[in-house]
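Structure first, commentary second.
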Amino acid sequence: MFLKSLTRRKVRTLLTLFGVAIAVAAIVSLGALAEGLTIGYEALGTGSGADLLVADADAVDIVFSAVDEEVGERLASLSGVREIDRMAYTFAATEDVPYFIVFGYDPGGFAIRRFRIVEGEPLSDRSTRHGGRPLLLGKAAADDLDKQVGDTIRLYETTFRIVGIYETGTPFEDGAAVVMVEDAQRLSGHPRQVNAFLIKLRDPGELDRVRERIERLFPDLTVTRSSDFAENQEMLAYTRAFSWAISFLAVLIGGVGVMNTMLMSVFERTREFGTLRAIGWGRARVLGLVLGESTMLNGVGGVLGVVLGVVAFKAVSRSPAVSGFLPDTLPPALVVQGMGVALAVGLISGIYPAWWASRLPPAEAMRYEGSTGSRAPRVRVGTVTLRNLLRQPTRSVLTMLGIGIAITAMVGLGALADGLIAEMEEFAGGAGVHLVGMQADASIDLSTIDERIIHRIGTLPGVEHAEGFLTGYAAVGDLPFFVVFGYPPRGYGIRDFTIVEGEPLTANGQIILGRVAAENLNKEIGDTIRLFDRPFRIVGIYETGVPIQDGGGVISLRDAQNLFGQPHKVSFFGVRLKDPEQAQAVKELIESRFPEVMVTESTKFAENVTDLQLTKAGSWAVAFLALVIGGAGMMNTMGMSIYERTREIGVLRALGWRKGRVLGMILRESLMLSLLGSAGGLLAALVLILLMNQNPSVAGFVKFRFSPDLLVQTLVTALVLGALGGIYPAWRASRLQPVEALRYE
Amino acid sequence: MLMGDNVIVETRDLVKVYGDGAQVRALNGVNMRVTQGEFISVMGPSGSGKSTLLNMIGALDRPTSGQVLVGGQDLAEVRDLDTFRARTVGFVFQLHNLIPTLTARENVEVPMMGQPVGRAERRRRAEELLALVGLADRMDHLPSQLSGGERQRVAIARALANQPALVLADEPTGDLDSQSGTEIIQLMRRLNRELGTTFIIVTHDPAVARQTDRVLVMRDGRIVREHQVGSPFEEDLKAFRDSGLGQAILAGDDVARDLLTPDEYEILLRLLRRIA
């Protein structure tokens, strides 16, 4: 019975199903990503065979953790500790893969034992003799990259020789590589530091005692049970939150579509409901009928979505760039979750239509003539196009809502990406810097360059001055991402930080704070601020107008290097040229002399950074997803609209209207619908941007930026949506045979 | 506008077959001629092919075989049927065929959209036509705010928008009460005389057919009879006296009293007695 009502309007049902399916597919595939990361991190913890894991207390993610090796010796000497092992963990760019996971383990340690060698030989000091540094490659990575034992592989600028292939059963590890701890340290630019120490206890019963002891001895460090490790990773929580946010967005738009369809379906069947009531159906029964249909619709959409999600998952799993971040099979819990959300959305979106249908007075409902008769409009203001949209105000409003949400998402994310890019550009272009350099192929968060290289760049012909600076994150107060900059106090770079209060930075142990950070943290000059438990005295407040700078603080380069455990390292460097015209030549010179660095003109910095490109691509992908669902709803609405007006279109054709004219009328309506929805969405996005920019923990990090480009993008999207959503229905309408349309009841 | 014996509509062996499998011959060889300025009706039971014939003449549908000539031109050779429909013919349908979102005036403007008529001229002509059909004070009303008769007047004004030579009306009084129906036919008759426009009215109501010059009676896709309503009065009356109803009136049969209003009965009885 439910199915029959739904198959009456096949196109409408299909389009609605499509919307729901995309939303569910998003839940399933994005959930898989979060799940894959969780499984990977669990393997890092539990799989290692360790009882405890010791890492940097303030690191947002284990990849940012750096613990001095001396700590290891002291940990080993503690009573109750049976064995300790070192773990290094970083990303490196390799052929075609921007974020290739690399672990560093000791060949003799216990943690490496779970990397079961299936081909070749295990990692050992002796294997160095084969030429190239030894590396074990995961089975999945070997397949994806088409590598075999004996082949070489380049990570950044270093050549490694593959001595063995391993398998652990965890995609996170099987899609990665294992090298000697020292080599991993070199790749991450953190010599003599590891990301974590793994501890095996003599007696697991002593776990709590040992943990307390270590935390007392090393207040900078955090000790977690290896089994609790994954859930303590903030990055994981962000990934999950992100995947939920996108899924929620998709579900919201899909839900609006379902509600629309169900509402139209019950409107059309007004007389039927009257008849059902007249022959003795109770209100509850009618309510149940409509709710059942809506749930059924979404159930089918959910199944399609799961299939779509699995297909997307399988397709993406093939790509070596992401396979490491996905579980090898789709967790059944996600399928259940996707289906659950689909059914819940069906139930919720069905409530209003069901309530409407159940409240119809039987006698009146049976007299109902259809939308051309008694539901005729009472308004005669506005253009003809607007009046046509107002015939079914609920439907038009719901459709606009769907489009509006999509546009809000698009504009909001676009403004975020643009804000980040603008920030990077300003960040890179300050202090009369012509060229900006960072570690080649690295992520901006992980870029590290040796100071000696900067000194040598400073002596190259055409270079007036080269100076490096360091950036890092620290958690301060309520701010999880407090950005700390390390600059030489008397250098060029620090001149960007215009002091508005107090004095400039002159010595170690001092900090100057951005205006926004000072407000957020409620600090004044003379106060002390603690970064990783080291005190810094606030000597000045600066303002640069760049959110990431104004939301952070500047300390001396030496302090920063010590604080982040990166002696003689910098993250980025700026180059001033004697002749700015020579920028291209100097860039080429630097890159050929020092292949480990990437140099761009400061104005083009943002477009050359992989992370920003990915952010931009991500925002486009989310916007695209939202628009596909919104577009399906649009097409649905226009389809219903012309369907209802079949006879009217017949009349128009009989009166001599050309096909083109009918086409134009319908297209104008769909364009107007889309433009109105987009205008609403744009307005909502602007409000959102305003709110975000006033939120301290956001404003200290990035300033959402609404550029004219974004306005153009919105307009173009609205027009494309309107045209796409309207063109098929309009074409159908124009092709109606006048005689048949006139005979249509 | 041309008057006299110019033939405006002519059909030759017109055949229309619907359906692929079980074929329905909606028109089965129709030959007819309509002269410019005529006011005629097509009668017949439902399914006799009246509406199909009208659709063929109005170029809403194409015949399976045979020819339709309007104004001497074979419709099979007309390339731009949209313009033909807009300029040469005007349509009046049953009720509910106004655009519900448009006001009376805007509905009259609809056929002029897409024709080389300026916006101001369009508006002026629509107002003129609505005044002509007696709706000068209802121009800005929506169809839902008009009575059935008023809606049909709007439809008539709309049919005349592009000053067509020919108006095709499909059951124009079908959904109206007899009072409004009579008024609508009288309006069309008046326009026929004043503007010289040819009217072809499809109806199954004899009261409507009686008010036209000529009645074509259709059955099973053919024209089976033709009455000259305007023929000498005596002959018609004699023919009526010999018909079943005439005999029933003279016999004072109940059937006659049931079928006719008391006024009609009295008048007819007096006339029949006079020639008897």
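Sequences listed follow chains L and W, in order.
Residues in the first sequence are numbered consecutively from 1, following the numbering used here.
Residues in the second sequence are numbered consecutively from 746, following the numbering used here.
All residues carry an ideal CB built from backbone N, CA and C; glycine is no exception.
With a threshold of 8 Å between beta carbons, is threonine 918 (chain W) in contact with chain L? no
Measure the alpha-carbon distance for glycine 419 (chain L) versus valine 554 (chain L) and round it to whole angstroms. 21 Å
State whether the stretch 483 to 490 of chain L contacts the stretch 556 to 571 of chain L, with contact taken as three or more CB pairs (one from each stretch) at a distance under 8 Å. yes
Which residues share a DSSP beta bridge with histidine 434 (chain L)? According to DSSP, histidine 434 (chain L) bridges with nothing at all.
Leaving out five residues before and five after leucine 75 (chain L) in sequence, what residues of the same chain have Cβ atoms less than 8 Å from its Cβ? Val54, Val81, Ile84, Phe197, Ile199, Ile214
By DSSP, does isoleucine 844 (chain W) sit in helix, in strand, or in coil? coil
Can you pull the chain W residues whose beta carbon is under 8 Å from the beta carbon of leucine 663 (chain L), in chain order? Here the premise fails: no neighbours, minimum Cβ distance about 12 Å.
Who are the near neighbours of proline 191 (chain L) in its chain, counting only those whose CB is closer than 7 Å to its CB and skipping five residues on each side? Gln185
What residues in its chain sit with their C-beta under 7 Å from that of leucine 652 (chain L), if we drop five residues either side in the sequence? Val662
Check distances from the C-beta atoms of the stretch 986 to 1019 of chain W to those of chain L and list, in chain order, the residues that come in under 9 Å. none
What in chain W is Cβ-close to glutamate 644 (chain L), meaning under 8 Å? Within 8 Å Cβ-Cβ: nothing; glutamate 644 (chain L) doesn't reach chain W, min ~11 Å.
Serine 734 (chain L), enclosing beta strand (DSSP E) - first and last residue: Note, serine 734 (chain L): premise wrong, no beta strand (DSSP E); alpha helix (DSSP H) at 708 to 735.
With a threshold of 8 Å, are at least 3 pairs of Cβ atoms found where one atom belongs to the stretch 912 to 922 of chain W and the other to the stretch 791 to 809 of chain W? yes
For asparagine 388 (chain L), go through chain W and note every residue whose CB falls closer than 7 Å to its CB, in chain order. Thr846
Which stretch, first to last residue, makes up the beta strand (DSSP E) that contains histidine 465 (chain L)? 463 to 476
Candidates L:Ser124, L:Gly36, L:Pro504, L:Val463, of which the one nearest aspartate 174 (chain L) by Cα: L:Gly36
Short Cβ contact (8 Å threshold) for tryptophan 355 (chain L) with leucine 276 (chain L): no
Are serine 515 (chain L) and valine 500 (chain L) touching if we call contact CB-CB under 8 Å? The sequence shown places arginine at residue 515 (chain L), not serine. A contact, by the Cβ cut-off of 8 Å.
Would you mind listing the alpha helix (DSSP H) stretches within the stretch 780 to 843 of chain W that are 4+ residues and don't spill past its ends, in chain order? 795 to 802, 826 to 832
Mind checking which residues open and close the beta strand (DSSP E) that includes histidine 972 (chain W)? 967 to 973
DSSP three-state call for alanine 278 (chain L): helix, strand or coil? helix
Under 8 Å: do the stretch 678 to 687 of chain L and the stretch 709 to 726 of chain L share three or more Cβ pairs, one atom per stretch? yes
Return the chain-ordered list of same chain residues with a C-beta closer than 7 Å to the C-beta of valine 11 (chain L), the five sequence neighbours on each side being excluded. Gly639
Which residue comes first and which comes last in the beta strand (DSSP E) that contains lysine 761 (chain W)? 752 to 763
Within 8 Å, do at least three Cβ pairs link the stretch 216 to 235 of chain L to the stretch 40 to 48 of chain L? yes
Measure from the C-beta of leucine 797 (chain L) to each C-beta in chain W and report whether the shortest distance is under 8 Å. Residue 797 (chain L) cannot be examined here, being either before or after the span of chain L that is shown, 1 to 745.
Alanine 196 (chain L), enclosing beta strand (DSSP E) - first and last residue: 196 to 201
Going along chain L in order, which residues have a C-beta closer than 7 Å to the C-beta of threonine 948 (chain W)? By Cβ distance, chain L contributes nothing, its closest Cβ being about 17 Å from threonine 948 (chain W), past 7 Å.
So is proline 888 (chain W) buried or exposed if we call it buried at 16+ other beta carbons inside 10 Å? buried
CA-to-CA distance, serine 65 (chain L) to serine 447 (chain L), given in whole angstroms: 14 Å
CB of valine 194 (chain L) within 8 Å of CB of leucine 155 (chain L), strictly: no
Closer than 7 Å by beta-carbon distance: list the chain L residues that pair up with alanine 831 (chain W), in chain order. Leu655, Gly656
Check whether the Cβ atoms of methionine 262 (chain L) and proline 353 (chain L) lie closer than 8 Å to each other. yes
Reducing DSSP to helix, strand and coil, say where asparagine 520 (chain L) ends up. helix
Would you list the residues sitting across from glutamate 648 (chain L) in a DSSP beta bridge? Paired residue(s): none; glutamate 648 (chain L) is not in a bridge.
What three-state label does DSSP hand tyrosine 492 (chain L) in the structure shown? coil
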